[in-house]
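Heads up: the sequence lines are chains A and B, in that order.
One rule links them: number in the working numbering = place in the first sequence (from 1) + 1293.
One rule links them: number in the working numbering = place in the second sequence (from 1) + 295.
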Amino acid sequence: MALLTYLDAIRLAMLEEMQRDPRVFVLGQDVGAYGGAFRVTAGFLETFGEGRVIDTPISESAIVGAAIGAALMGMRPIAEMQFIDFISLAFDQLVNYAAKSRYRWGAGVPIVVRGPCGGGVHGGPYHSQNPESYFMNVPGLKIVAPATPTDAKGLMTSAIRDPDPVLYLEHKFLYRRVKEDVPDGEVLVPIGKARIARPGSHLSIVSYAAMLHVALEAAEAAAAEGIDVEVLDLRTLLPLDEEAILTTAAKTGKVIVLHEATRTGGPGGEIVALIAEGAFESLDAPVVRLAPPDTPVPYAPPLEEYFLPNAQSVGKAIRALYDY
Amino acid sequence: MTDVIMPQMGESIAEGTVTKWMKAVGDTVERDEPLFEISTDKVDAEIPAPASGILTEIRVQPGTTVSINTVVAVIGAAAAASAAPPAPAPQPPSPVVPAPPAAAPPAPNPAVPTAAPVSAPAAAPVAPPPAPAAPRPPAPATLPARPTPPALAAPALVPAPVAPAAVPAPPPIAPPAAQAAPVVPPPPAPPAARDDARPQADMSVDELRQTRSSPVVRRIAAEHNVDLNAVTGTGISGRVTKQDILTHLEGRTASAPPAADVPAPAALGATAVAPAVPVVAPYRPGERVEIIPMSPIRKRTAEHMVLSKRISAHVSTVWEVDMTRVDHLRQKYRQAYQERSNVKLTYLPFIVKATIDALKAIPVLNSSVEGESIVFKKDIHMGLAVALDWGLIVPVVRNAEEKNLLGIAKAVNDLAERARTKKLKVDEVQGGTFTITNPGVFGSLFGTPIINQPQVAILGIGTIEKRPVVRDDAIAIRSMAYLSLTFDHRIVDGSDADRFMAHVKKGLQEFDENAL
């Protein structure tokens, strides 16, 4: 066991895989000499050399394109988007090449595209986004969003070993704020499986990434008032763990879907639709979505604070749903 | 000739001040018509005329304070008017409520700023009371009651949601005898007939919730052949929640067959038939108030307290206990307990121990009522009421009968600490079979606590203090406490209660030092 931050866990997973498998390499802006804008790849250049730690030009499209090419040639690239917000520049490469390669040509593209997402750090509109919903509608991609160091390590390992493209969303707010004991050695968390972060009986919160911690905080506060909240950590967004989602919905009959991506067109709609289709007869109340309003992420701290869901706003929703 | 006197508004009130006369000398008065207003220590009130006639004499002017029963005015027979001006059009009798200032339906006349209900200014012909359409300020419209946690027998009451002051005649209350839930005050909106024949598009959201509730509730109702009309709804808009219907089903299997038209004569079970509770406005338009929504714990406490009173036949018996021996043992062993086991030895573990022993001897105090049966509980799960900043909570020491004094002291310390730091688990505040509460900690001599359903008794500990008492025909100073037991007279008779208390008293006064 080692006490690792979320960021340490990601770094360690990549390090161990690079040690284990010579085909694995990293590329991205400032990943080499600088060690990564957030220091995730600190020490990698010294350990693995220029051949496996590549500082790229500022071109996300080129980064992902090169990764796709390398993957088609048998390598296992980990492509970093310095801020996941800029993945929009690599959209075509991901959606039209990486995602469809196996379907179209029978050639898998085992790349990992990773980057820091999310707000709460005064990053403003271009350094705080959560892009998962743009890609959830793309068959051929997988999307993971860990909330804990153990899941961060386990999902990174699984992502690197996965034969198909995986979008790995690491939430920057959690980088150094979340620490836990992570088992030594190989940690494998399966892609596509959610986890009950807190069992409960009165109502469920389905969430992931930074909002998972908000959900847990609100659940603890609710417990003091006698409301027993179950919290499901999705961990993977594509494919969603339908079984876990429907099981918790059927168990409590009352569900809150909580995410940091903005409301309209966010992942919440998909999850609520699944629940309505598959758990309708078990519902004792309408399914509730909690998400920030439909605006770019504000920079001004009071606005950002208002924008993001927090334990109080979730607490209010919990009480209202409990009373329904 | 009738004397009009200063009334006594409350037991401890000795005088009152006349603040206003609604009639002048020579006016005709009708019996029960508001005649004058007074102000007392406790309440301001309108006082009705005790007889009809002519007001012949006013002896006490506004602003004057007199003792109760003082004659303040005289009403003479109608013909004996002495040089009085012709009376103005007789006032229509208004609904007069002398005492509590709370307004009954018809909205109060806004022209009268006092706490009095509707009154007519003396000389003017009075229009009929304003139509009850006066909109109430938007009070918390539906503070839907919360279904009680599983430990309690039945769902809580629905506080009658706010509506225009005219509450229609409550629908007749005909709970099926089998229904486990207490009947609640009727929702003011004429409850939807729950007749699914009407097209859904025509129904309002409230009606849809009342008639169709939710998918899971419909499913359960269909599976068990339950008519949703027969189930008390505690959810939003008065709908039947999942918990409501599940509780209803539990009650149905517990007692016998289905909806009788005539409720069985006072079924002993958890059924508590409540008469329709008239809506009494908590405040009037224009009154200065601050409305703060109740916290969930407050709501639950409120619901449980009235529910408990409706379910059980509450009787309290108070016993005086000499705590000197316990005091002595406490002093003697306190340090040892602290040093050896890091446990604070308070009075409570001694009381808990004595209570457990008494419960073993008179087990009906550790039971519950189910329908027409008494459920004797084999285990003693001792609830200990704790008053926290944010509300009342009752953590439970499970299987207290298996613990010795040290074990009890440890459990008490631990639960209290975790209650304060909000670290109790949900199952630690459920499942108690008897409760001990401590009104004495705040100085009360003794309390008359409310039973924690579904238990049948609760023991209150009064303040422990030195008092002079008689021992062997001499005055001695002893550490004394009043212990009060509230018990459910449905199954616990006075003799049981007193035998129990005698056991507790003996247990404390002759506490076995070997137990420490």
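Beta carbons: idealized from backbone N, C-alpha and C, even for Gly.
query                                                                                                                                                                                                 : result
Please look up how many angstroms separate the CB atoms of A:T1555 and A:A1584, rounded, as I've assumed it's under 8 angstroms.                                                                      : 6 angstroms
Examine the Cβ distances between the segment 651-658 of chain B and the segment 608-625 of chain B and report whether three or more of them are shorter than 8 angstroms.                             : no
Listed from N- to C-terminal order along the chain, which residues in the segment 489-513 of chain B have their beta-carbon within a distance smaller than 7 angstroms of any beta-carbon of chain A? : S509, P510, V511, V512
Less than 7 angstroms between C-beta atoms, sequence neighbours within five positions excluded: which residues of the same chain meet that for A:S1575?                                               : A1542, A1543, G1546
Starting from the beta carbon of A:Y1617, find every residue of chain B whose beta carbon is closer than 7 angstroms, and list them in chain order.                                                   : G530, I531
Is there a Cβ from chain B that is less than 7 angstroms from the Cβ of A:S1497?                                                                                                                      : no
Please name the residue in A:V1522, A:L1382, A:T1588, A:D1534 whose C-alpha comes closest to that of A:E1553.                                                                                         : A:T1588
How would you call A:L1614, buried or exposed, if buried means at least 16 neighbouring beta carbons within 10 angstroms?                                                                             : buried
Is the Cβ-Cβ distance between A:R1569 and A:E1510 less than 7 angstroms?                                                                                                                              : Looking at the sequence itself, residue 1569 of chain A is Ala, so the reference to Arg does not match. Contact flag unset, no.
Looking only at its own chain, which residues have a Cβ that is under 8 angstroms from the Cβ of A:S1352, when we skip the five neighbours before and after it?                                       : L1382
Identify the contact partners of B:S590 in chain A, using a Cβ-Cβ distance below 8 angstroms as the criterion.                                                                                        : E1518
Starting from B:T650, follow the alpha helix (DSSP H) in both directions and report where the run begins and ends.                                                                                    : 642-656
Closest to B:T758 by C-alpha separation, out of B:L687, B:G742, B:A771, would be which residue?                                                                                                       : B:G742
With a threshold of 7 angstroms between beta-carbons, can A:F1318 be considered close to chain B, or not?                                                                                             : no
In terms of alpha-carbon separation, which member of B:I675, B:K717, B:L719 lies closest to B:K698?                                                                                                   : B:I675
Cα-Cα, which of A:M1307, A:P1409, A:E1563, A:L1296 is closest to A:I1371?                                                                                                                             : A:M1307
I'd like to check one pair, B:M677 with B:A695: are the Cβ atoms closer than 7 angstroms?                                                                                                             : yes
The beta strand (DSSP E) spanning A:K1435 covers which residue range?                                                                                                                                 : 1435-1437
Can you give the beta carbon distance from A:A1440 to A:L1505, rounded, assuming they're within the 8 angstroms contact cut?                                                                          : 4 angstroms
Could you check what DSSP says for B:L803 in three-state terms: helix, strand or coil?                                                                                                                : helix
To the nearest angstrom, how far is it from the Cα of A:L1338 to the Cα of A:V1319?                                                                                                                   : 10 angstroms
Taking the alpha helix (DSSP H) that A:Y1299 belongs to, which residues open and close that run?                                                                                                      : 1299-1313
For chain A, find out if any of its Cβ atoms is closer than 7 angstroms to the Cβ of B:P450; answer yes or no.                                                                                        : Annotation note: pLDDT 39 at B:P450 (below 50); position unreliable, coordinate value reported separately. No, its Cβ sits nowhere closer than 7 angstroms to a Cβ of chain A.
Can you tell me the Cα-Cα spacing of B:V799 and B:V367, whole angstroms?                                                                                                                              : 55 angstroms
List the residues of chain A that B:V521 touches, going by C-beta distances under 9 angstroms, in chain order.                                                                                        : Chain A residues near B:V521: none, gap ~15 angstroms exceeds 9 angstroms.
Assess contact between the segment 573-588 of chain B and the segment 721-735 of chain B, defined as three or more Cβ pairs (one per stretch) separated by less than 8 angstroms. Is contact present? : no
Just to confirm, is the Cβ distance from B:I349 to B:L330 under 7 angstroms?                                                                                                                          : no
Using a 10 Å radius around the Cβ and a threshold of 16 neighbouring Cβ atoms, would you call B:I765 buried or exposed?                                                                               : Checking the displayed sequence, the identity of residue 765 of chain B turns out to be Val instead of Ile. So B:V765 ends up on the exposed side.
For the candidate residues A:V1324, A:K1465, A:E1535, whose alpha-carbon lies nearest to that of A:K1486?                                                                                             : A:E1535
Which residue's Cα is closest to the Cα of A:R1407: A:T1298, A:N1389, A:I1356?                                                                                                                        : A:I1356
Counting along the chain, where does the beta strand (DSSP E) carrying B:G755 start and finish?                                                                                                       : 752-756
Between A:E1463, A:I1484, A:L1533, which lies nearest to A:A1502 when the distance is taken from Cα to Cα?                                                                                            : A:E1463
Using alpha carbons as the reference points, say which of A:I1361, A:A1400, A:L1551 lies closest to A:Y1601.                                                                                          : Correcting the residue type first, residue 1601 of chain A is Leu in the shown sequence and not Tyr. Ranking the options by Cα distance to A:L1601, first place goes to A:L1551.
Would you say the segment 733-753 of chain B touches the segment 773-789 of chain B, given that touching needs at least three Cβ pairs under 8 angstroms?                                             : yes
Between the segment 1509-1526 of chain A and the segment 1465-1485 of chain A, do three or more beta carbon pairs fall short of 8 angstroms?                                                          : no
At 7 angstroms on the CB atoms, spell out the chain E contacts of A:E1570, in chain order.                                                                                                            : Reference to chain E is not applicable here, since the protein chains of this structure are A and B.
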